[in-house]
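Accompanying notes for the structure given below.
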Amino acid sequence: MPSLQKPDNETSISSKILEVRGLHKKFGEVEVLKNINVDLDDGDFLVLVGPSGCGKSTLLSCIAGLTETTSGVISIGGDDVTTLDPAQRDIAMVFQSYALFPNMTVAENIGFGLEVRRVPLVERKPLVEKAAALLKIEDLLDRKPAHLSGGQRQRVAMGRALVRDPKLFLFDEPLSNLDAKLRVTMRTEIKRLHKRLGASIIYVTHDQIEAMTLATKIVVMEDGVVQQTGTPREIYNNPVNMFVAGFMGAPSMNLMQADIVVKNDVAHITIERENDQPLVLQDDAPPSAVLDRQNGSLVLGIRPESMTDSTAPDKQVRIVDCLLDVVEPAGSDTYAVIKMGGIEAIARLHGEASVKQGERTGIGFNMSRLSYFDPDTGLRL
Ligand SMILES: Nc1ncnc2c1ncn2[C@@H]1O[C@H](COP(=O)(O)OP(=O)(O)OP(=O)(O)O)[C@@H](O)[C@H]1O
Ligand SMILES: [Mg+2]
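The following block contains the structure:
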């Protein structure tokens, strides 16, 4: 009988809930997944991110067994499931475009998967009620989907997955149809749910904040290739290449062409600015890969929050005179756009910063927070 509790012995079979090894998927001649390797430990919340069309839904579909793989191995709980039917994989999936049965009540919708598996009604009922209580929709069990709000419908779709207590949950942008406020509420509920159930989850989202807040592990994909796997902090602080640096974070990391000359282990950085004096910075402790190069052009990366109007004295921070091209107040922060070498760099200033568009002001560059990239390969130095 399915239950919302995981049996204790389940973790001892294999500590890996999921292993994807060398997975390729071709649709005709087009290869949309290229040598994908993904691991999931018991209780992991893996968030899969990447631009539209990079292969996220296809990967979930291969893991669920709805799409046949071209080559590679998928194992779940230590068992090779590559050629098994979806029903044999012990997975529950909430799709990008979830659809509820309009003629069924909430309770019938949630219990449908159990009914299909011939779980008798007396056993189904308490499981449906338990899932509904977790999602705080226990008062809605007799309603039809047409009489629910978007957020409530979303929770019913989640309930259909939760009622089953599978080895692995796959969520494909489950909050994409909700308004901003509901998304935030649901995000917190999902996090709480994960904590309570200790479930193993793969979750696809376009939302940066969702990715950072929910994930124990993030996988960044581009064009069918995994670019980086790591904790949210690793991905944010140490992106392996310019793609990941530019993709994660909103607003994203500023990436600027810079000329660097190394003298006595100090990097002297020059960045050209449009209609302005070049910006000159000095990094006293650059990474050894920068020291090895001695000089030449590099791409410098700095996050908006590492370019501030902070007046607190800090020896890591160099104050540079900048012309503020555009000023965008955003409540708790003010974003200032500065033109540099044909690109616009965004600085995140204090919400109460008294700055005006077209004015000059001192912007503090936190030199301990710089990233350097090879302009040819895009790789982090
Ligand atoms: N059945 C199919 N036949 C042919 N090509 C397909 C098929 N399904 C997906 N594709 C292609 O595979 C690529 C990956 O699609 P996929 O739906 O996995 O992207 P995604 O990362 O989920 O994008 P989104 O963020 O827009 O949902 C796309 O180029 C898509 O056009
Ligand atoms: Mg998709």
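Residue 224 in the numbering used here sits at position 232 of the sequence shown, with consecutive numbering throughout. Beta carbons: idealized from backbone N, C-alpha and C, even for Gly. This one's a predicted model, so the numbers in the text were calculated from it and none came from an experiment.
Hey, is residue i close to ligand 2, as in C-beta under 6 Å from one of its heavy atoms?
i, result
"Ser49", "yes"
So, with DSSP's three-state summary, where would you put residue i?
i, result
"Asn246", "strand"
"Phe93", "coil"
"Ser63", "strand"
"Ala56", "helix"
"Met299", "strand"
"Gln(-3)", "In this prediction, Gln(-3) scores a pLDDT of 47, lower than 50, which makes its location untrustworthy; the coordinate-derived value is nonetheless stated afterwards. Of the three classes helix, strand and coil, the one that applies to Gln(-3) here is coil, per DSSP."
"Phe104", "helix"
"Pro137", "helix"
"Thr221", "strand"
"Asn358", "strand"
"Ser49", "helix"
"Phe37", "strand"
"Phe161", "strand"
"Arg13", "strand"
"Pro112", "coil"
"Ser346", "coil"
"Ser363", "strand"
"Ile5", "Only weak support is given to the placement of Ile5: the predicted model assigns it a pLDDT of 45, under 50, and the value that follows is read from those uncertain coordinates. Residue state, collapsed to three classes: helix."
"Phe19", "strand"
"Met85", "strand"
"Glu181", "helix"
"Ala149", "helix"
"Lys128", "coil"
"Asp71", "strand"
Which residues does DSSP list as the beta-bridge partners of residue i?
i, result
"Lys337", "Just to set this straight, residue 337 is Ala in the shown sequence, not Lys. Its beta-bridge partners are Ile330."
"Cys380", "No answer is possible for residue 380: the residues shown for the chain start at -7 and end at 373."
"Asn233", "Leu371"
"Ser289", "Asp251"
"Gln274", "His260"
"Ile28", "Leu15"
By a C-beta neighbour count over all protein chains shown, 10 Å radius and 16 as the cutoff for buried, is residue i buried or exposed?
i, result
"Ile354", "Per the sequence shown, residue 354 should be read as Gly rather than Ile. Exposed."
"Lys307", "exposed"
"Gly293", "buried"
"Ala172", "exposed"
"His139", "exposed"
"Gln220", "buried"
"Arg428", "Because the chain is modelled from -7 through 373, residue 428 falls outside the range shown and cannot be assessed."
"Phe239", "buried"
"Thr75", "exposed"
"Val318", "exposed"
"Phe19", "exposed"
"Pro(-1)", "Unreliable placement is indicated for Pro(-1), whose pLDDT of 46 sits below 50; the coordinate value is still reported in the next sentence. Pro(-1) should be labelled exposed."
"Glu165", "buried"
"Ala79", "exposed"
"Asn101", "buried"
Rank the options by C-alpha distance to the C-alpha of residue i and give the top, closest one.
i, options, result
"Ile263", "Asp257, Ala277, Met248", "Met248"
"Asn358", "Ala345, Gly334, Pro367, Val312", "Val312"
"Val253", "Gly42, Ile102, Asp276, Glu351", "Asp276"
"Glu181", "Tyr228, Pro231, Gly216, Ala125", "Ala125"
"Phe380", "Gln219, Phe37, Val258", "A question about residue 380 goes unanswered here, because the residues of the chain that appear run from -7 up to 373."
"Ala84", "Ile102, Ala56, Asn95, Arg109", "Ala56"
"Glu297", "Ser244, Arg285, His186, Val318", "Ser244"
"Ser89", "Gly142, Asn95, Asp134", "Gly142"
"Leu197", "Arg13, Cys46, Leu32", "Before going further, note that residue 197 is Thr rather than Leu in the sequence given. Checking every option, the nearest Cα to that of Thr197 belongs to Cys46."
"Asp157", "Ile338, Val211, Ile193", "Ile193"
"Gln200", "Gly190, Gly42, Lys17, Ile28", "Gly42"
"Ile210", "Gly216, Leu283, Tyr195", "Tyr195"
"Gly241", "Asp251, Ile227, Ala250", "Ile227"
"Glu214", "Lys17, Val39, Lys48", "Lys48"
"Asn246", "Met332, Asp257, Asn169", "Met332"
"Ala153", "Leu92, Ala339, Gln269", "Leu92"
"Ser168", "Lys187, Leu185, Gln146, His186", "Gln146"
"Arg179", "Thr205, Leu189, Leu160", "Thr205"
"Leu132", "Leu113, Val232, Met96, Asn229", "Met96"
"Leu170", "Gln144, Leu271, Val155, Asn27", "Gln144"
"Ser360", "Asn230, Arg184, Ser7, Gly151", "Asn230"
"Leu377", "Arg310, Arg135, Leu40, Leu58", "Given a span of -7 to 373 for the chain in the structure shown, any question on residue 377 remains unanswerable."
"Val258", "Leu25, Ile9, Asn287, Val236", "Asn287"
Just to confirm, does residue i get its C-beta within under 6 Å of one of the non-hydrogen atoms of ligand 1?
i, result
"Cys46", "yes"
"Phe357", "no"
"Phe19", "yes"
"Val24", "yes"
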